[in-house]
Every structure is written in C-alpha cells, then in structure tokens.
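Only one structure is covered here, and it is reproduced in the block below.
2 protein chains.
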Amino acid sequence: MARERRRERGRRTVGYAVVGLGHIAQAAVLPAFEHARGTSRLAALVSGDATKRKAIGKRHGVPTFGYEDLDDVFAREDVDAVYIALPNTEHAACAVRAARAGVHVLTEKPMATSEEDCRAMIAAAEEGGVKLMVAYRLHFDPATLETVELVRAGKLGEPRFFSSDFSYQVEPGNIRTDARLGGGAIWDLGPYCVNAARYLFGAEPIEVFAMEALARDRRFHGVPEAWSVTLRFPDERLATLTCSFGAAPVDTCRLVGTKGDVRLEPAFEYVGSLVRHLTIDERTRTKKYPPSDQFAPELVHFSRCVLEDREPEPDGWEGLADVRIIEAALRSARERQPVRLEPIERRRRPRAEQAMHRPPVAKAGVVHAQAPSQ
Amino acid sequence: MARERRRERGRRTVGYAVVGLGHIAQAAVLPAFEHARGTSRLAALVSGDATKRKAIGKRHGVPTFGYEDLDDVFAREDVDAVYIALPNTEHAACAVRAARAGVHVLTEKPMATSEEDCRAMIAAAEEGGVKLMVAYRLHFDPATLETVELVRAGKLGEPRFFSSDFSYQVEPGNIRTDARLGGGAIWDLGPYCVNAARYLFGAEPIEVFAMEALARDRRFHGVPEAWSVTLRFPDERLATLTCSFGAAPVDTCRLVGTKGDVRLEPAFEYVGSLVRHLTIDERTRTKKYPPSDQFAPELVHFSRCVLEDREPEPDGWEGLADVRIIEAALRSARERQPVRLEPIERRRRPRAEQAMHRPPVAKAGVVHAQAPSQ
Numbered sequence: 007m008a009r010e011r012r013r014e015r016g017r018r019t020v021g022y023a024v025v026g027l028g029h030i031a032q033a034a035v036l037p038a039f040e041h042a043r044g045t046s047r048l049a050a051l052v053s054g055d056a057t058k059r060k061a062i063g064k065r066h067g068v069p070t071f072g073y074e075d076l077d078d079v080f081a082r083e084d085v086d087a088v089y090i091a092l093p094n095t096e097h098a099a100c101a102v103r104a105a106r107a108g109v110h111v112l113t114e115k116p117m118a119t120s121e122e123d124c125r126a127m128i129a130a131a132e133e134g135g136v137k138l139m140v141a142y143r144l145h146f147d148p149a150t151l152e153t154v155e156l157v158r159a160g161k162l163g164e165p166r167f168f169s170s171d172f173s174y175q176v177e178p179g180n181i182r183t184d185a186r187l188g189g190g191a192i193w194d195l196g197p198y199c200v201n202a203a204r205y206l207f208g209a210e211p212i213e214v215f216a217m218e219a220l221a222r223d224r225r226f227h228g229v230p231e232a233w234s235v236t237l238r239f240p241d242e243r244l245a246t247l248t249c250s251f252g253a254a255p256v257d258t259c260r261l262v263g264t265k266g267d268v269r270l271e272p273a274f275e276y277v278g279s280l281v282r283h284l285t286i287d288e289r290t291r292t293k294k295y296p297p298s299d300q301f302a303p304e305l306v307h308f309s310r311c312v313l314e315d316r317e318p319e320p321d322g323w324e325g326l327a328d329v330r331i332i333e334a335a336l337r338s339a340r341e342r343q344p345v346r347l348e349p350i351e352r353r354r355r356p357r358a359e360q361a362m363h364r365p366p367v368a369k370a371g372v373v374h375a376q377a378p379s380q
Numbered sequence: 007m008a009r010e011r012r013r014e015r016g017r018r019t020v021g022y023a024v025v026g027l028g029h030i031a032q033a034a035v036l037p038a039f040e041h042a043r044g045t046s047r048l049a050a051l052v053s054g055d056a057t058k059r060k061a062i063g064k065r066h067g068v069p070t071f072g073y074e075d076l077d078d079v080f081a082r083e084d085v086d087a088v089y090i091a092l093p094n095t096e097h098a099a100c101a102v103r104a105a106r107a108g109v110h111v112l113t114e115k116p117m118a119t120s121e122e123d124c125r126a127m128i129a130a131a132e133e134g135g136v137k138l139m140v141a142y143r144l145h146f147d148p149a150t151l152e153t154v155e156l157v158r159a160g161k162l163g164e165p166r167f168f169s170s171d172f173s174y175q176v177e178p179g180n181i182r183t184d185a186r187l188g189g190g191a192i193w194d195l196g197p198y199c200v201n202a203a204r205y206l207f208g209a210e211p212i213e214v215f216a217m218e219a220l221a222r223d224r225r226f227h228g229v230p231e232a233w234s235v236t237l238r239f240p241d242e243r244l245a246t247l248t249c250s251f252g253a254a255p256v257d258t259c260r261l262v263g264t265k266g267d268v269r270l271e272p273a274f275e276y277v278g279s280l281v282r283h284l285t286i287d288e289r290t291r292t293k294k295y296p297p298s299d300q301f302a303p304e305l306v307h308f309s310r311c312v313l314e315d316r317e318p319e320p321d322g323w324e325g326l327a328d329v330r331i332i333e334a335a336l337r338s339a340r341e342r343q344p345v346r347l348e349p350i351e352r353r354r355r356p357r358a359e360q361a362m363h364r365p366p367v368a369k370a371g372v373v374h375a376q377a378p379s380q
C-alpha cells in the first residue's frame, strides 16, 4: 500500500511536487521553500507549459513534468506531498488522484468549488491515509492570530458584527475572470473574508444572503464583477462583506464587539505589512506588522504534520466550511433569497501557537504568468 | 389665510418654535441659534416636561409651552417655523399641524417612520404654502460635501461599491430603544448610512435586503439590536451597511471607485472632527476637518429659504427617499427576502455650494434628557 510505503521511508523532510505554475506558485510558493528547508523540500514541478517547465525547473534545479505525467510524479520516491496551485475547479481531481497514490495534499484555497468536491477530497485523504490541508496562509500569520486571540480573550467584549471589503481591478485575461475555471471575486477573495468572519467570531454562520453586481466590461467571462454578502451567525451576530474585481484595491476587515473594535487594513495581503487598529474605550492603538513570507509557514506546518502524524489546522473541514458558504451565497444571488445553512460544529480554529514569522521572500521573476492585478 | 399672513410679515429673521426638548434639542439645536443669529431666532419652546420648560426657557429667555398649547404656539406672531425634535413617530403629525397653520417645517431625521407619513407631510406643506426641510446636517458639512464633489468630479473613477458601519451602545431607557416611538438603530443610524450611499453614488437604490439581529438584553423594547442591509443601485453598484445599538462606537463609511477609494471615519458625528482618508493609486492622503457646529448651518439655510422663497435642499422628497428604503429594509427583514424599490428620480443632491462652517458650540448642560450613549 502506498500509505505503508510512505510511512516507512522515515525521511526527515517532506518532498513536494508543486502542481500548477501560475503567478502564486512562482511568486510565493516556490520561493518559500528556502524558508522551510528544515522540513520541506521541492522535489518536482508540474505544468502544462513547456517554457515554464524549462525556465523554472532550471531555476530551482528540480525535474519537471507535464500533466500527462501526474501519476508518475505521484509514484516518485522523492515525492511525499503535492502543493496544488491549479485553477479552483481542478483542485479536487488532483487532490483525489494524489491521495489515492498515497501523496499528502496541500491545496490552495478555495479548497474546491463545491461542497461535494470537498467531501470527495476529505474521503480520498482518509482512504489514502494522507494528510490534507488547505493553504490558509493567514492561519500562521502573527497579525491575524494575535487578533483572533485578543477577540477570544474578550478584549472587545462579545463580538457583535463583522464587515469586510476586498477588491482589486482584475487584469484582462487572468484565469480569475473565467467562470469555467472557478473564477470570480467571490471564489478568489471571498474565502479571505468568510474565513476571517469565521475565525474572528469563532463560529459558523447559519444563514447567507448575497447580491451580485454583473460584469460591465469584457474582462469578465461568465462571472459577475462583485458580490455583497450578509451572513447571520448564531447569537444574533451579523457579518457583511463585499468582494469585487472591478474596483480599486481595498483590503480590510473589522470586528466590532460590545466594548471595542478591531480593524485590519491591509488585512489579507501577503506582500507588505498588515496593520491593526484596535479601539477600546475610544482609544485607538495601531500596530504595524513587519512583512513576512506567509507561505513558508504553511509548508513547515504541513510537513511537520506529515512527519509527526498530526492533523493540520487548517484541515479539509476548514476548507469545506468556507466553500459551502460561498456555494450557498452563489445560490442565494441566483435565487434572490437568503439560504439557510445546516448548523455544523467546528472545534478546530486557528490559535496563537500556530504563529510563525519568516522573512519576506525576494521578488521572483515570473515566467508566462500574470499577477491578478497590476 | 395663514400663508398670506406669514408672507406679509416681511421679517428679516425667522422665528422658530423648537418642539421636543430631548438631548439633541438641548445639546445641539438650541445652542446653534447663537451661530444663526442673522437669519434665525429662537421664539418658543415646547415640551411636555415642566422642569425642562422652566430651566431651559429661563436659560434662553423665551416663552415655553406644553403640547396642549401647540396650536397657540403656531398661531403666535413671532413664530414662523417649527424645528421638530420629537420622537420619530411624532414628526408627521406635528409637521402637518404646523403646515396647516402656515408654519414652515424643519424636522429631524428620519423625516417620519413611513413613506405614507412623508407624503402627508409634503402634501400639507404644499397646501399650507410653507417650506419643508429635513435636518440632514451633513448636507452642509465641508468634509461630506468635499467628498461628494470629488466623487462627482470622477477622482475615484466610477463609483462601484459603498460600505458603512455605524454603532454605539444605546443607554437603557433611551427613547431610541422603544419600538412605539420609532426606535431602533435602523431608524436612528440608518438614515446616515443610507443617505451617504445615496449622495455618494448620486443615485437611488432599486433593491434592498436586510437581516436583523434580535435584542439580547433588556435595554430593547420591541426593537432588534442591529441590522445589516444590502442595497442594489443602478449600473451594478452595491452598498452594505450595518447599524447597531449593541456594539462599541464605530462611525465610518467608504466609497470605492474604479480608480480609488475614500473612507470617512468618523463620518457622521457632530461633536468632534470628521476625518477623510482618500486613496488614489495606492497613495493615501488623510484630511482632518475642524470640529464645527453642524446645526447652525441647517437653521441658516432653512431661514434663507423661507426669507427668499427658495426650496431647501434637503427637502421633503430627500427625507422620503431614505424613509422608503428603511421601510423596505424592515419589510425585507420581516419577510426574509429582498424587496424591489420603485425607480424614482432625484435631481436635487447636496452640492459643494451648500458648505457652511460655524465654530463648535459650547457644551450645554442638559436637563432631564439623556445622551443616547455614554
């Protein structure tokens, strides 16, 4: 069995095949291996683009493969895990295939584009005896985790409402503009806002309503430009969020409690500093966090989970929790009515102990891939 | 006819009866007469509370009356106008009564608690030949109007989405907690957020959805604690807002355009400075506006409209435009579905020329009235 084979190896570092060499893989995931050296090792690259394979394989000194070779990649002795950086609609198939081959799965968010796909991924990981993690980089970020902790410690009193705006001008031709690939701001930006509402409230919403703003220009292929979403959480708590691909860059979230409020702005980006504005008793304190490599901690955490046989946080259920909300939001927008969500219980939440700081990565030259915005 | 009588007087200042001596009247409206002296004169005070009448009448040196004397007040030679600072549900009856007596009407916002009442007020003012204005103090505020102008001038590109949070902890026993008096955060705070969305977009919404968060403590008498509202504007523009009486004070609104965004925080308050954060091409400039008396400009503008026979901006239709949205939001929350709004046209919008700065008023001692929050 693949599972036995993997476990018997007893390697001290986890070898990763990075599948999909789009902008995020080249600019953030590959450079992060430098900062994850004790636990994680880049073992192979998979891309459908020969130019990328050649240039990036050479840069990192690892073998490269096309998608047609995926099963061979997963069978390699030096490949223990896969980092899936494919278009959103392709996460599930790749994850299931890896899990069946006994390869541990770290996938970009959104985990998938349907709850059904998420469940298939979770089941495949269980059956294959492999770890499954969704790449929520902020679950290791000090600004985020300190904020989660201060909310949990009651510094704001009881959390009452949440709001978030996340937008940028998407570049024409970006895969995020294509409905067939799981594009749209709600799939790209929504997971940040929804995940933030969930980790700040420490709870799961029970109702969702969404309104969409249709595309007005030719950048968009079957996806709306923006969504505004309202979430109802238990104990009469509310959250609003707007995600847009057709507006200037804004990146913020806020939690207001009975005694104070906290605003992160920027809240979600991975290049610069995150900044926190904490207001208690009408006195505001601002804290600027140093820029950091937010991707290496994911590799380090996941590799440790593989090596030490621990369950990662964020796990597959965490990814599913966001996907089911976004799926319900899309249904709400389509049917023009609020959608009830089944109550679910999540015991695992990001905690302060997960915080990990790594220095920022150098800006990498990117081959045949485009940043989502300028 | 009352109307003839009023017009024939040819006075150079407008005499006001202030009806309702709650916190806002005592702390803001009455002190504002000092800064509106050239055009406006306090002529009478009306309250149901004998202690207030005695103390405040003495302080301002004007005659005082009970509600039972209202028709006598409106018949007085020195009363040309009424400033209505009654509970929200009582604005309409008082306004209609004043208008029928030929007395010009300046009423606090919300104009009323139903579109029907707003229409009755507008009709009564037309029939009585009197001016009708709703006390939107920010329509004269430099921070607000400069922001409206920069949006209108296209500095942010095309406006795409709006968001706003407005909250405070309401004091127990405040009239804003009583459903029978038109209480609730959506009536108290909602008009600011809804009005801001409308003046920043320069447009009227066509659909509204609202979710309410029910009261969890004994401060509330038949009103929810909070509402989150989504508005759809023409041309695929979205707005979200949350109003809460059960959370720490937050006071902010933001408009995001295709090229930049503007955030006002504080956006709506009348005591301190309003602050504007304007971000264009990822460069943020912050402008702090000096504190000012936001009530005197309302008196000055309305008095000039009376004296010069001009139509005030904000007029009754402006008040109605917000009330119909809030009424629809309440219906949406009750029926748990979005509500379509009839398209209406508003040609009159607040403009830069309306800006008026007056120095802040001294803090007034308040008799038998309570600030809405500590």
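So the protein sequences, as listed, match chains A and B. In this text, residue positions in the first sequence follow this note's numbering: the first is 7, and each later residue adds one. In this text, residue positions in the second sequence follow this note's numbering: the first is 7, and each later residue adds one. Idealized CB from N, CA, C, for every residue including glycine.
Open item on the list: With distance defined between alpha-carbon atoms, name the residue in B:GLU314, B:ALA339 and B:ARG352 nearest to GLY325 (chain B).
Closed with: B:ARG352
Task: Contact residues within the segment 285-300 of chain B, judged by C-beta distance below 9 Å to chain A - done: THR285, ILE286, ASP287 and GLU288
- [ ] Give a yes or no on whether the minimum CB-CB distance between ARG9 (chain B) and chain A is below 7 Å.
- [x] Note that ARG9 (chain B) has pLDDT 43, beneath the 50 cutoff, so the model's placement of it is unreliable and the number below is only indicative. No, because no Cβ of chain A sits closer than 7 Å to the Cβ of ARG9 (chain B).
- [ ] Compile a chain-ordered list of the residues in the segment 248-265 of chain A whose CB is closer than 8 Å to at least one CB of chain B.
- [x] THR248, SER250, GLY252, ALA253, ALA254, PRO255, VAL256, ARG260, VAL262, GLY263, THR264 and LYS265
Task: Short-range partners of chain A found in the segment 342-376 of chain B, where Cβ spacing is below 8 Å - done: ARG342, GLN343 and PRO344
Open item on the list: At a CB distance below 8 Å, what residues from the segment 204-215 of chain A approach chain B? Give them in sequence order.
Closed with: GLU213 and PHE215
TODO: Report the option in B:ALA38, B:LYS293, B:GLU213 and B:MET139 whose CA atom is closest to the CA atom of GLN343 (chain A).
DONE: B:GLU213
TODO: Under 8 Å by Cβ, that's how I've got ILE192 (chain A) and TRP233 (chain A) pegged, so tell me the actual separation to the nearest angstrom.
DONE: 5 Å
- [ ] Whole angstroms is fine: what's the gap from PRO365 (chain A)'s alpha carbon to SER298 (chain A)'s?
- [x] 5 Å
Open item on the list: Just checking: is the beta-carbon of VAL268 (chain B) within a distance shorter than 7 Å of some beta-carbon in chain A?
Closed with: no
Task: Collapsed DSSP secondary structure at ASP194 (chain A) in the structure displayed - done: helix
Task: Amino acids of chain A, ordered along the chain, whose beta-carbon sits closer than 8 Å to that of SER234 (chain B) - done: PHE167, THR236, LEU244, ALA245 and THR246
Open item on the list: Closest to LEU156 (chain A) by C-alpha separation, out of A:PHE301, A:ARG282 and A:GLU348, would be which residue?
Closed with: A:ARG282
Open item on the list: Would TYR329 (chain A) and MET117 (chain A) qualify as a contact pair, given that the criterion is a beta-carbon distance under 7 Å?
Closed with: The sequence as given places Val at residue 329 (chain A); Tyr does not occur at that position. In this structure, MET117 (chain A) lies closer than 7 Å to VAL329 (chain A) by Cβ.
Open item on the list: Contact defined as beta carbons within less than 8 Å: I believe LEU151 (chain A) pairs with ALA358 (chain A). What is the distance between those atoms, to the nearest angstrom?
Closed with: 5 Å
TODO: Give the interface partners of ASP171 (chain A) over in chain B, defined as CB-CB distance under 8 Å, in chain order.
DONE: PHE167, SER169, ARG260 and VAL262
Open item on the list: Is LEU220 (chain B) close to chain A? Criterion is C-beta to C-beta, closer than 7 Å.
Closed with: yes
Task: GLU231 (chain A): contacting residues in chain B (beta-carbon distance under 9 Å) - done: ARG166 and GLU242
- [ ] Indicate whether PRO356 (chain B) and VAL154 (chain B) have their beta-carbon atoms separated by less than 7 Å.
- [x] yes
Open item on the list: If the criterion is Cβ atoms closer than 7 Å, does the pair ALA130 (chain B) and VAL102 (chain B) meet it?
Closed with: yes
- [ ] Measure the CB-CB distance between ALA361 (chain B) and PRO148 (chain B) and report whether it falls below 7 Å.
- [x] yes
Open item on the list: Going by DSSP in three states, THR150 (chain B) sits in which element: helix, strand or coil?
Closed with: helix
Open item on the list: Under 7 Å, Cβ to Cβ, is there at least one residue of chain A near ARG13 (chain B)?
Closed with: Low confidence applies here, because ARG13 (chain B) scores a pLDDT of 47, under 50, leaving its location unreliable; read the following figure in that light. It does not: the Cβ of ARG13 (chain B) has no partner Cβ on chain A nearer than 7 Å.
- [ ] Report the rounded CA-to-CA distance for LEU244 (chain A) versus ALA339 (chain B), giving the unit in angstroms.
- [x] 13 Å
Task: C-beta neighbour in chain B for MET217 (chain A), strict 7 Å - done: yes
Open item on the list: Suppose the cutoff is 6 Å on Cβ atoms and the five residues either side in sequence are ignored; what does the same chain contact list for PHE239 (chain A) look like?
Closed with: PHE207, ALA209 and PRO211
Open item on the list: Helix, strand or coil, according to DSSP, for PHE301 (chain A) in the structure here?
Closed with: coil
- [ ] Reducing DSSP to helix, strand and coil, say where LEU212 (chain B) ends up.
- [x] It should be pointed out that residue 212 (chain B) corresponds to Ile in this sequence rather than to Leu. In the structure shown, ILE212 (chain B) sits in coil (DSSP, three-state: anything other than H, G, I, E or B).
Task: For ARG9 (chain B), the three-state DSSP class (helix, strand or coil) - done: Confidence at ARG9 (chain B) is low in this model, with a pLDDT of 43, below 50, so its placement is unreliable and no value can be given for it.
Task: Distance between beta carbons of PHE274 (chain A) and TYR198 (chain A), contact taken as under 8 Å - done: 4 Å
- [ ] Could you work out which residue in A:LEU27, A:ARG260, A:ALA159 and A:GLY21 is closest to GLY371 (chain A) when comparing CA atoms only?
- [x] A:LEU27
Open item on the list: For the alpha helix (DSSP H) containing THR57 (chain A), name the first residue and the last one.
Closed with: 56-66
- [ ] Leaving aside the five residues before and after ALA334 (chain A) along the sequence, list all residues of the same chain whose C-beta is less than 7 Å from its C-beta, in chain order.
- [x] VAL214, VAL345 and LEU347
Open item on the list: Classify ASP171 (chain B): buried if its beta carbon has 16 or more other beta carbons within 10 angstroms, exposed otherwise.
Closed with: buried
TODO: Could you give the DSSP three-state label for VAL218 (chain B): helix, strand or coil?
DONE: Looking at the sequence shown, residue 218 (chain B) is not Val but Glu. DSSP places GLU218 (chain B) in strand when its eight states are reduced to three.
- [ ] Could you tell me which of A:LEU270, A:ASP75, A:ARG225 and A:MET139 sits nearest to CYS311 (chain A), measuring between CA atoms?
- [x] A:MET139
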